[in-house]
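Notes follow once the structure below has been shown.
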Amino acid sequence: MKIPDTMSFEQAAMIEPLACCIRAWSGYSTASNDTVAIFGVGSAGMLHAMLALRKGFSKIYCIDVNKFRLDFVKSLLGTEILLAQESTASEILNHTDQRGVDLAIVSTGNMAALQSAICSVRYGGTVMLFGVPSKDATIKLNMDYVYSRELKIYCSYAASDDDTREALRLISDGLGVEHLITHRYDIVDSPEAFERARSGLGSVKVIINGSDFKK
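Residue numbers (the working numbering): -5 to 209.
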């Protein structure tokens, strides 16, 4: 799939993760005044927040243990932010008059975040599992709680060609995905780039400069 000549390499670097997020949203039908809690605000979580804003969600709560990323997403997108802790689900309920959010997105492989997400959605609400857990990850789930509250839980893993085309369209239309890039490295500094991305300290999206490559 050809990258448009008008698109920068930095924008193009965000096509694949955005396409995966778009795929995930295909499983949810947005209604007016919907609310969402996004657990994990790395670059993918922030892309989900961008899509939620575009879809007109009335409240977007971003939850993470990384204060830098919380401050970053609040400054960039104006979302509500919560520092992840054991009481996160209770905090979200307090923010929503004990109703819960319509949608919880788990954009992390952390199982504690999944537990909090399940407990933060309203009766009949939806939990989207997007972050990839470790292969041996397990969770103790109260199925009576899930069943009696008629919760909907679904997973999304990858993107289709149609999702990629939609990502290209959204970026071309001005979705500011390039603003998530906080660090840029030359290819000779790749080890440092990978370590920065792995640690997540003081960063959101880390890229290796491709400006010398041909499209």
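Even for Gly, the Cβ is constructed at its ideal location relative to N, Cα and C.
To the nearest angstrom, how far is it from the Cα of residue i to the Cα of residue j?
i	j	result
residue 108	residue 124	10 Å
residue 48	residue 97	15 Å
residue 34	residue 152	18 Å
residue 12	residue 83	27 Å
residue 6	residue 200	13 Å
residue 166	residue 45	15 Å
residue 115	residue 170	29 Å
residue 160	residue 16	8 Å
residue 186	residue 4	19 Å
residue 8	residue 80	32 Å
residue 180	residue 126	28 Å
residue 92	residue 157	35 Å
residue 28	residue 90	11 Å
Hey, is residue i close to the ligand GTP, as in C-beta under 7 Å from one of its heavy atoms?
i	result
residue 50	You won't find the ligand GTP in this model; it holds no ligand whatsoever.
Who are the Cβ neighbours of residue i in its own chain at under 8 Å, not counting the five residues just before and after it?
i	result
residue 198	36, 37, 40, 63, 66, 174, 175, 176
residue -5	155, 158, 159, 162
Taking C-beta to C-beta, are residue i and residue j nearer than 8 Å?
i	j	result
residue 94	residue 119	yes
residue 58	residue 78	yes
residue 55	residue 86	yes
residue 101	residue 21	no
residue 2	residue 172	yes
residue 111	residue 31	yes
CB-CB under 7 Å to residue i, same chain, minus the five flanking residues each way: which ones, in chain order?
i	result
residue 144	117, 118
residue 178	201, 203
Helix, strand or coil for residue i, going by three-state DSSP, please let me know.
i	result
residue 138	helix
residue 157	helix
residue -3	coil
residue 16	helix
residue 31	strand
residue 133	coil
residue 58	strand
If you drop the 5 nearest sequence neighbours on each side, which residues of the same chain put their C-beta closer than 6 Å to that of residue i?
i	result
residue 24	49
residue 74	55
residue 147	121
residue -1	none
In chain order, which alpha helix (DSSP H) runs of at least 4 residues are fully inside the region 63 to 127? Segments of the alpha helix (DSSP H) lying fully in the region 63 to 127: 82 to 89, 105 to 114.
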